[in-house]
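Colleague: Quick one: this structure, given as C-alpha cells, is what I'll be asking you about.
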C-alpha cells in the first residue's frame, strides 16, 4: 500500500503557486484496508475516502473505460493491481498527471514537468476524447494559466476540434456545462476560456448566439471589464450575455440552467441596453427625468436595490462609450428618488391610487431637482 499526492497539488507546487486542495491516490489497497485504518468512504461511483484526521480525499487507484456518450458513460475499475501509472494515464492534461511520493519523489510518466517548462496544455493520451467535459476543463485551465504564458498545444486543439465534429459536445448536460462556465468566469483570464471554446468549435454548440465576431468581441470586452471590477458571478455572466437581444439572452440562460439570480440580472441588462438607444441624449444630458424614472421602474429599484447596483456595474462595462454617462445619471436619479417615504405621504392624507400617484410625483420632482443641480 503506497500513497501519493496527485494532480493539481503537484502541478501548483511545481509552478510555485499556493496549494489549496490536496488529493491523494492509494495504490495496492482495497476498501477494507482503508476502512480498517479509520478512513470514511464517501465515493458512490468509485472508492474515495476521507482521512480520519486531515479530512483530505484519498482515492484508490483506478482506471476508466468509455461505455457510452457524455460525462456519465464510463465504467470504473479499482483494485490493488491498478498501478499509479494506470491511474495517471486516465487524467486529462499532462500537467495534471503527475504524482509525488511520500519520500518527495516526483512521478511524471507523461512529461508534465516538460510541458510546465514549455507552458503547454497537452492531453495525456487518446483517452482524452472519451470525455467531452475535458474540452471545457482544458479551456478553463487555459483561462487560469494564461497570465503565466500557457496555451493549448496544437495537437490537443486538433483533438478537441475532432471531438466537436464528432458531436461529443452535444452530449454534455447543462448542469455540467454551467458548472465549468461558472468556474471559468472567475479564472485569471476568463475571456481565454471562451476564446479556446470558439477556436475549437465548441462555442458554436454551447453558446451559438455569441459566435458572430462583433458579438463575441463585445462580450469579451464587457467580461474583461467586469473581471477587473471583481464582479460577482451574476455580474460576470450578465456582462458576457450583454450583446444579446433579450429573447436570445433568456433562451441561452435557461438552456444553461443558470441560477435564477444570474438569469434575472442578465435579462435586465438585455432589456436595458436597447432602452438606452439615444447616444446623443445620454451624452449631452438631454435625457429627461421622466425617462430616468421609467428606467428605475423597469429595474424594480424600489424592491431590488442591490440588484440595481449590479445592473449599473454591468452597464458601465457593457454600454458603448458614448452611452456610459447615463450610468452616472441613473445613479443620481436612484439616490434622489429612493429618499421618498410613503409613510410621510400617507400622513398627509394620501392613500390608495392617490398615494401611488403622489409617490411617483415626488420621485419625479426629486429627480428633476437632482438633474438641475448636476447641470449647474
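Numbering (our numbering), first residue to last: 50 to 425. All C-beta atoms, glycine included, are put in the ideal place defined by N, C-alpha and C.
Assuming residue 97 and residue 112 make a contact with CB atoms under 8 Å, what is their CB distance in whole Å?
Modeller: Not a contact, Cβ separation roughly 15 Å.
Colleague: Expressed to the nearest angstrom, what Euclidean distance is found between the alpha-carbon atoms of residue 207 and residue 150?
Modeller: Near 34 Å, if we compare the C-alpha coordinates of residue 150 and residue 207.
Colleague: What's the call for residue 136, buried or exposed, on a 16-neighbour Cβ count within 10 Å?
Modeller: Buried, by the Cβ-count rule.
Colleague: Rounded to whole angstroms, what's the CA-CA distance from residue 276 to residue 311? Just pull it up for me.
Modeller: Roughly 16 Å between the two C-alpha positions.
Colleague: By Cβ distance, which residues of its chain are closer than 7 Å to residue 158, with the 5 residues on each side in sequence left out?
Modeller: Once the five neighbours on either side are set aside, the close Cβ partners of residue 158 are 134 and 137.
Colleague: Leaving out five residues on either side along the sequence, give the residues of the same chain with a beta carbon under 6 Å from the beta carbon of residue 251.
Modeller: The answer, listed in chain order, is 184, 213 and 218.
Colleague: Per DSSP, what kind of secondary structure is residue 266 in: helix, strand or coil?
Modeller: DSSP places residue 266 in helix when its eight states are reduced to three.
Colleague: Use the C-beta contact count for residue 56: other C-beta atoms within 10 angstroms, 16 or more gives buried, fewer gives exposed.
Modeller: Looking at its Cβ environment, which holds 16 or more other Cβ atoms inside 10 Å, residue 56 is buried.
Colleague: Name the two residues that bound the continuous alpha helix (DSSP H) containing residue 379.
Modeller: 374 to 386 is the extent of the alpha helix (DSSP H) around residue 379.
Colleague: Taking only the alpha-carbon atoms, compute the straight-line gap between residue 228 and residue 410 and give it to the nearest angstrom.
Modeller: Spanning the two alpha carbons is a distance of roughly 46 Å.
Colleague: Quick check on the DSSP output: the beta strand (DSSP E) that includes residue 150 runs from which residue to which?
Modeller: Counting along the chain, the beta strand (DSSP E) containing residue 150 begins and ends at 148 to 150.
Colleague: Can you tell me the Cβ-Cβ gap for residue 202 and residue 171, rounded? I've got them flagged as a contact below 8 Å.
Modeller: About 5 Å separates the two Cβ atoms, so the contact holds.
Colleague: Any idea if residue 337 is buried or exposed, counting beta-carbon neighbours within 10 angstroms, 16 or more meaning buried?
Modeller: The residue in question, residue 337, is exposed, as its Cβ has fewer than 16 Cβ neighbours within 10 Å.
Colleague: Do you know offhand how far residue 414's Cα is from residue 353's?
Modeller: Distance between the alpha carbons of residue 414 and residue 353: 22 Å.
Colleague: To the nearest angstrom, how far is it from the Cα of residue 233 to the Cα of residue 81?
Modeller: If I take the Cα positions, the gap works out to 38 Å.
Colleague: Fully enclosed by the segment 189 to 254, which beta strand (DSSP E) runs are 3 residues long or longer?
Modeller: You should have found no qualifying run.
Colleague: Pull up the CB-CB distance for residue 75 and residue 109, whole angstroms please, since I reckon it's below 8 Å.
Modeller: Rounded, the Cβ-Cβ distance is 5 Å, consistent with contact.
Colleague: Roughly how many angstroms separate the alpha carbons of residue 399 and residue 407, rounded to a whole number?
Modeller: Each residue's Cα considered, the two are about 7 Å apart.
Colleague: For residue 144, which residues of its own chain have a beta-carbon under 6 Å away from its beta-carbon, when the five flanking residues on both sides are left out?
Modeller: Only 60, 161, 164 and 165 meet the Cβ criterion.
Colleague: Using a Cβ-Cβ cut-off of 8 Å (strictly less than) and excluding sequence neighbours within five positions of residue 332, which residues of its own chain qualify?
Modeller: In this prediction, residue 332 scores a pLDDT of 49, lower than 50, which makes its location untrustworthy; the coordinate-derived value is nonetheless stated afterwards. For residue 332, where only same-chain residues beyond five positions count, the Cβ hits under 8 Å are 371, 372 and 374.
Colleague: Should residue 53 go down as buried or exposed, given a rule of 16 or more other Cβ atoms within 10 Å for buried?
Modeller: The residue is buried, with at least 16 neighbouring Cβ atoms inside 10 Å.
Colleague: Leaving out the 5 sequence neighbours to the left and right, which residues in its chain are closer than 6 Å to residue 253 when beta-carbon positions are compared?
Modeller: Cβ neighbours of residue 253 beyond the five flanking positions: 260.
Colleague: Give a yes or no on whether the C-beta atoms belonging to residue 363 and residue 288 are separated by under 8 Å.
Modeller: Yes.
Colleague: Could you check what DSSP says for residue 359 in three-state terms: helix, strand or coil?
Modeller: Three-state result, residue 359: helix.
Colleague: Which value, in whole angstroms, describes the spacing of the CA atoms of residue 91 and residue 389?
Modeller: Computed Cα separation, rounded: 55 Å.
Colleague: What residue range does the alpha helix (DSSP H) around residue 321 cover?
Modeller: Residue 321 -> alpha helix (DSSP H) spans 309 to 324.
Colleague: Taking only three categories from DSSP, how would you classify residue 332?
Modeller: Because residue 332 carries a pLDDT of 49, less than 50, the predicted location of this residue cannot be relied on, and no value is offered for it.
Colleague: CB residue 307 to CB residue 286, shorter than 8 Å?
Modeller: In contact: residue 307 and residue 286 (Cβ atoms closer than 8 Å).
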